[in-house]
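Heads up, the thing below is written out as structure tokens.
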Amino acid sequence: MLLFTATLIASFTATIILNPATPSELKELAKYYVLNTINETASPEAVTAIVWDYRGLDTIYETLVLYLAIVGGLAIFKMSEEALLKTRIGLTLLTKTSTKIIALLITSIAAAIAFHGHLSPGGGFPGGSAVAVASMIIIPVFAAGTLIEKGISSTKLVAIRGAALTALGLVALLPVVRGFEIVTNQKFYPASILGLPISGSLSLYNLLESLAVASGFTAVALYLSIPEEAYKGGSSA
Amino acid sequence: MIASILLLIIASLLSLFFVYMAVTEKDLLKAVAYSAGQSITYSILLQAMSTPDIVMTYVAVSVGLYSALLVFVISKTERFER
Chain A
6 MLLFTATLIA SFTATIILNP ATPSELKELA KYYVLNTINE TASPEAVTAI VWDYRGLDTI
66 YETLVLYLAI VGGLAIFKMS EEALLKTRIG LTLLTKTSTK IIALLITSIA AAIAFHGHLS
126 PGGGFPGGSA VAVASMIIIP VFAAGTLIEK GISSTKLVAI RGAALTALGL VALLPVVRGF
186 EIVTNQKFYP ASILGLPISG SLSLYNLLES LAVASGFTAV ALYLSIPEEA YKGGSSA
Chain B
43 MIASILLLII ASLLSLFFVY MAVTEKDLLK AVAYSAGQSI TYSILLQAMS TPDIVMTYVA
103 VSVGLYSALL VFVISKTERF ER
């Protein structure tokens, strides 16, 4: 307890004296990115430019790792949509209506984060996981069986995810056809279409990544909402 | 500058409180709520350190996805820790 208090006091004194919130000067690497990002990637957002352009290959592999993790997680669960169809009631009308409003708000903010990610803070992964949050509050409130009746099955979600990731890989691979390096941005893709600044491939990556992340997490949530009785011998759910 | 340091100190103290409550709580659903509160204070810390990109991912994953996942998992086991 004494050690704990001492650590606390020491860290707060360090916070006040060193003041990490405002660094006094930029390092050389940071200066390079601040000065050259807008010219080299046509994007004013240095973080997105680093993630999808300067270090683009890293991010592609990271996406692949997440894809394999979700595929592995789905492989553990049994594919039994009949068990899900038994849960069809959901919560009360009041909860359903308020959830509709909240989910709409979350989804529109997520769309702003994802599709504006090449111009302002945000990007594919935050946007996609915000959509996944909306679907994770929808699934328990409306019951998974209702969603499956409406045609939102996990097979379709996994298919959307696979298609989005394939398109992402194609966007990364297409410059190779013209003889550029893999994950080339500005030499191959245009900076704007019809006056709309799209920052080359950055907005495409953000769009596809958000689709992939959202559908993947939604599929996982659908499987997690299978009631536990469905696994124990089956019939009495 | 003073305001941002004050924000850092208050948010980190609050996060310590939330972590303590989450660890000692026996009701797992309440523990998840405390964990979400800790995540909110951490996102205040990150915003005070001016990293908005990380704040967006952190809020969506640790307040939304992580809590929702834990609630789904708790619904498959028992709510109270013994």
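Chains as they are written, first to last, in the working numbering: chain A, 6 to 242; chain B, 43 to 124. All C-beta atoms, glycine included, are put in the ideal place defined by N, C-alpha and C. Quick caveat: nothing in here was measured; it's all calculated off a predicted structure.
Check	Outcome
Can you confirm whether residue 83 of chain B, when its beta carbon is compared against all beta carbons of chain A, has any partner nearer than 8 Å?	no
Thinking just about the alpha-carbon of each residue, which of B:119, B:48, B:124 is nearest to the one in residue 232 of chain A?	B:119
Given that residue 118 of chain B touches chain A, what residues does it touch there, using C-beta distances under 7 Å?	233
Just the C-alpha distance for residue 44 of chain B and residue 51 of chain B, rounded to the nearest angstrom, thanks.	11 Å
Name the two residues that bound the continuous alpha helix (DSSP H) containing residue 124 of chain B.	Where residue 124 of chain B is concerned, there is no enclosing alpha helix (DSSP H), given that its DSSP letter is neither H nor E.
Is residue 201 of chain A helix, strand or coil when you go by DSSP?	strand
Of the residues A:141, A:97, A:214, which one's Cα is nearest the Cα of residue 228 of chain A?	A:141
Any chance the CB of residue 47 of chain B is under 7 Å from a heavy atom of the ligand GDP?	The ligand GDP is absent from the structure shown, which contains no ligands of any kind.
What in chain A is Cβ-close to residue 107 of chain B, meaning under 8 Å?	134, 137, 138, 141, 222
Just the chain B side, please: which residues come within less than 7 Å of residue 131 of chain A by C-beta, in chain order?	98, 99, 102
Against chain A, does residue 114 of chain B count as a neighbour if the rule is that its beta carbon must be under 8 Å from one of theirs?	yes
Pairing CB atoms from the stretch 117-131 of chain A with CB atoms from the stretch 208-217 of chain A, are three or more of them under 8 Å?	yes
Return yes when the Cβ of residue 100 of chain B is within less than 8 Å of the Cβ of residue 57 of chain B, no when it is not.	no
Hey, would you say residue 187 of chain A sits closer than 8 Å to residue 172 of chain A, going by beta carbons?	no
Buried or exposed: which applies to residue 198 of chain A, given that a residue is buried once 16 or more other Cβ atoms fall within 10 Å of its Cβ?	exposed
Nearest to residue 223 of chain A by alpha carbon, out of A:138, A:185, A:175, A:205?	A:138
Under 6 Å Cβ to Cβ from residue 115 of chain A, same chain only, skipping five residues before and after it: list those, please.	132, 135, 136
Show which residues of chain B have a CB atom less than 7 Å away from the CB atom of residue 118 of chain A.	98
Would you mind working out which of A:7, A:30, A:21, A:127 sits nearest residue 49 of chain A, comparing C-alpha positions?	A:127
When the cut-off is 8 Å and only beta carbons count, does residue 229 of chain A lie next to chain B?	yes
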